[in-house]
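J.:
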Amino acid sequence: VTVNYADNCSYTDTMTIQYKNSPQVDLGNNRTMCEGDTIGIQYHSDSVSFVWSNGSTDTVTTVTQQGYYGITVINAAGCKAPDSIYVNAIPAPEVNLGPDTTIYSNQNYMLDAYNSGAKYFWSTGDTTQTIVVNSEGNYWVAVSKEGCIGYDTISISVYPDCILAVPNAFSPNGDGHNDILYARGEGFTKMEIMIFNRIGEMVFETKDSSIGWNGSFKGSQQPVDSYMYILKGLCISGRSVFKKGNITVIR
């Protein structure tokens, strides 16, 4: 610069400015992750030092949630350069197969993974949104949407077969074989049996499957004859049982 401060009088001075190159830094394009996942953003250089926006000086900074992540790079000349990227967290598809369920024997039960348009993979090997099952077991599904995966599992159990019956004859003759008539079965919670003679008189009744009829009524052995029975029960599944028929007393 030259300064003129009087006629034919001036003063000149110079300054040297040295240009120092700034460091180059590029974290790349914005990234996407699935909610709940963990990803790493990496930067490495032997010629510069750097610090992440979270204060870390590691080569890789760990990302667990959505947001901006930045870095400041410092070269040997002391020049700085920043860069940042945005990490977008996509929620995984919500998958709910419902509560664990008990079905009747041979009943078809549909499982729906919802999330229309997604990709599905079931433990059965099916790849459709819905499947139909009719046997007990644990069933799971993985649902993939926009690159993120959601899971759910359901346990299906089957009510035991409900059987409740009485034999059509017995011989209460005291020989130790087939002397007592019982109502037998499985898969029931309640039962009641009533036995009637030919004139409609009830000669036996019980609601306890461990108690049977010994062929007597009011202390007297009943004659050889055909007796009508009514058998009622309640299955574990909630289904009601009602049967009626004839029992023959043999001596």
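What the sequence shown shows, in this note's numbering, is residues 526 to 776, in sequence order.
All C-beta atoms in this analysis are idealised placements derived from N, C-alpha and C, irrespective of residue type, glycine included.
All values derive from a computational prediction rather than experimental measurement.
Going straight from the alpha carbon of E671 to that of S641, what length do you get?
T.: Position 146 of the sequence shown holds residue 671. Position 116 of the sequence shown holds residue 641. Their backbone Cα atoms lie some 12 Å apart in a straight line.
J.: For G623, which residues from the same chain have a beta carbon less than 7 Å from its beta carbon, with the 5 sequence-adjacent residues on both sides left out?
T.: Working through the sequence shown from its first residue, we reach residue 623 at position 98. So the qualifying residues of the chain are I679.
J.: Any idea if Y593 is buried or exposed, counting beta-carbon neighbours within 10 angstroms, 16 or more meaning buried?
T.: Walking along the sequence shown from the start, residue 593 turns up at place 68. Its Cβ having fewer than 16 others within 10 Å, Y593 is exposed.
J.: Can you tell which of V766, N546, T714, S735 has its C-alpha closest to the C-alpha of L756?
T.: Taking the sequence shown and counting its residues from 1, the one referred to as residue 756 is at position 231. For the residues V766, N546, T714, S735, the minimum Cα distance to L756 belongs to V766.
J.: Taking DSSP as the reference, what is the three-state secondary structure of P607?
T.: Counted from its first residue, the sequence shown places residue 607 at position 82. Strand at P607.
J.: Which residue marks the beginning of the beta strand (DSSP E) containing G561, and which one marks its end?
T.: For this step, residue 561 is matched to residue 36 along the sequence shown. Element bounds for G561: n/a, residue is neither H nor E.
J.: Roughly how many angstroms lie between the CA atoms of L689 and H702, to the nearest whole one?
T.: Here residue 689 refers to the residue found at position 164 when the sequence shown is read from its first residue. Here residue 702 refers to the residue found at position 177 when the sequence shown is read from its first residue. For L689 and H702, the distance between alpha carbons rounds to 22 Å.
J.: With burial defined as no fewer than 16 other Cβ atoms inside 10 Å of the residue's Cβ, what is the status of N631: buried or exposed?
T.: On the sequence shown, position 106 is the one that residue 631 refers to. The residue in question, N631, is exposed, as its Cβ has fewer than 16 Cβ neighbours within 10 Å.
J.: Buried or exposed: Y611, going by 16 or more other Cβ atoms within 10 Å of its Cβ?
T.: Position 86 of the sequence shown holds residue 611. Per the 10 Å Cβ criterion, exposed.
J.: Just mark Y530 as buried or exposed, buried being the case when its beta carbon has 16 or more other beta carbons within 10 Å.
T.: Against the sequence shown, residue 530 aligns to sequence position 5. With fewer than 16 other Cβ atoms within 10 Å, it is exposed.
J.: Which term fits T587, buried or exposed, when burial requires 16 or more other beta carbons within 10 angstroms of its beta carbon?
T.: In the sequence shown, the residue the question calls residue 587 occupies position 62. The residue in question, T587, is exposed, as its Cβ has fewer than 16 Cβ neighbours within 10 Å.
J.: Give the single residue among N663, V668, Y664, S660 whose Cα lies nearest to the Cα of Q654.
T.: If you number the sequence shown from 1, residue 654 lands on position 129. It is V668 whose Cα lies nearest to the Cα of Q654.
J.: Just to confirm the assignment: which complete beta strand (DSSP E) runs, minimum length 3, are found wholly within the segment 544-586?
T.: Counting only runs of 3 or more, we get 556-559, 564-567, 574-577.
J.: Would you check if there are 3 or more beta carbon pairs closer than 8 Å linking the segment 593-606 to the segment 708-728?
T.: No, because fewer than three Cβ pairs between the segment 593-606 and the segment 708-728 fall closer than 8 Å, the two stretches do not touch.
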